[in-house]
Amino acid sequence: MAELVFFTGTMDCGKSTLAAQVNYTHASRGRRGMVFTRNDRAGAGVLSSRLGLEVPAIEVTDETDFFEIALAENSSSNPMEFFICDESQFYTRNQIDELAHVVDDLDIDVFAFGIASDFRTELFPGSARLFELADRIQILQVEALCWCGRRGTHNARTIDGVMVTEGAQVAVGDTATSSGLVSYEVLCRRHHMAAMPINHAAD
0 MAELVFFTGT MDCGKSTLAA QVNYTHASRG RRGMVFTRND RAGAGVLSSR LGLEVPAIEV
60 TDETDFFEIA LAENSSSNPM EFFICDESQF YTRNQIDELA HVVDDLDIDV FAFGIASDFR
120 TELFPGSARL FELADRIQIL QVEALCWCGR RGTHNARTID GVMVTEGAQV AVGDTATSSG
180 LVSYEVLCRR HHMAAMPINH AAD
């Protein structure tokens, strides 16, 4: 029986690496699937991990209709058997509903990967809907660490090393600090609430 599974955790916990692995595992067993992503750090149309893995993917936009795609690709002679949906926090609530229908009406497994909350500690709409609808929620076991050594639990956005708590929910960046550009790091709750990113480590 097909399932909608949400794999979640903070940045740097291996979500995209696992997405690539799940795709490989199912495809290597002869299962037919499709890979989707949105706003990947490597650019459009690719699922990438910080370990260097890259998998071609379909870029999701607000106009993407997962159920229509599944209907078009699925047939009794050549069934579609799974979807890999990376960066699913950026999907719309309606798209998560479509993925649930893909599972329930077409018996296609959906494996969604994404962070739960943004730099303001607010749930992304796509993640919130996945928490509401998923058959299973898997918290990834690879723990990201704050600069202080505690378990990283919150995603922080910085600009020129200064942590910010206001701004658009979506601003693509990476965990490598780049002057003048948006970057991200994982902090423990204490240092997120104190607005103390890594450049405060010596304070």
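Residue numbering for the sequence shown follows numbering that gives the first Met the number 0, beginning at 0 and increasing consecutively. Beta carbons are placed, not taken as given, at the ideal position from N, Cα and C, and that holds for glycine.
Burial state of residue i (16 or more Cβ within 10 Å)
i    : result
I114 : buried
Y23  : exposed
S87  : buried
S178 : Residue placement at S178 is flagged as unreliable, the pLDDT there being 47, under the threshold of 50; the coordinate-derived value follows with that caveat. Under this definition S178 is an exposed residue.
V54  : buried
T157 : buried
V141 : exposed
A71  : exposed
Within 9 Å, strictly: CB atoms of residue i and residue j
i    : j    : result
C84  : F66  : no
G8   : L139 : yes
E58  : A43  : yes
D103 : A26  : no
R31  : M79  : yes
Spatial distance of residue i from residue j (CA atoms)
i    : j    : result
P196 : R188 : 11 Å
I68  : N198 : 45 Å
V185 : K14  : 14 Å
H153 : S48  : 19 Å
S75  : Q20  : 27 Å
P124 : D96  : 12 Å
A155 : L3   : 28 Å
Q168 : Y183 : 13 Å
E121 : L98  : 23 Å
H100 : M10  : 28 Å
P144 : V181 : Checking the sequence, you will find Leu at residue 144 rather than Pro. So the alpha carbons of these two residues sit roughly 20 Å apart.
Three-state secondary structure assigned by DSSP to residue i
i    : result
Y90  : coil
E67  : helix
E72  : helix
V4   : strand
N77  : coil
M192 : helix
L46  : strand
Endpoints, alpha helix (DSSP H) assigned at residue i
i    : result
Q20  : K14 to S27
M33  : It is not in any alpha helix (DSSP H) - M33 instead sits in the beta strand (DSSP E) that spans G32 to T36.
F112 : Looking at the DSSP string, F112 is not in any alpha helix (DSSP H); the run it does join, the beta strand (DSSP E), is D108 to G113.
M10  : Careful: M10 lies outside any alpha helix (DSSP H) and carries neither H nor E.
E131 : P124 to L132
First and last residue of the uninterrupted beta strand (DSSP E) at residue i
i    : result
L186 : V181 to L186
A155 : H153 to I158
E165 : That residue, E165, is in no beta strand (DSSP E); it is neither H nor E in DSSP.
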